[in-house]
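Asker:
Numbering (the working numbering), first residue to last: 47 to 125.
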């Protein structure tokens, strides 16, 4: 399943499977809160990834953040 979220004034696609036991809205709320927290308080490497974010893939309780540079791609725990 694919949805779009607004992050830093741009739309970012979020991909996840329907196998997730939690509701889509709960996952998106957790993701949005985590991203906003990390953009404010995260380390430089994480901020670099978020600045060039092109898509997000949800796998269980982790979000894989895909950026323009493959080297900047990160996994982020939602909990």
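All C-beta atoms, glycine included, are put in the ideal place defined by N, C-alpha and C.
What's the gap between the Cα of residue 110 and the Cα of residue 48?
Answerer: 14 Å
Asker: Determine the closest residue to residue 89 out of 118, 53, 55, with distance taken between C-alpha atoms.
Answerer: 118
Asker: Pick out whichever of 56, 77, 53, 97 has its Cα sitting closest to the Cα of residue 104.
Answerer: The option with the nearest alpha carbon to residue 104 is 77.
Asker: For residue 120 and residue 106, I'd like the C-alpha separation in whole angstroms.
Answerer: 15 Å
Asker: Starting from residue 87, trace the alpha helix (DSSP H) both ways and give me its first and last residue.
Answerer: 70–87
Asker: Give me whichever residues DSSP pairs with residue 52 in a beta bridge.
Answerer: 57
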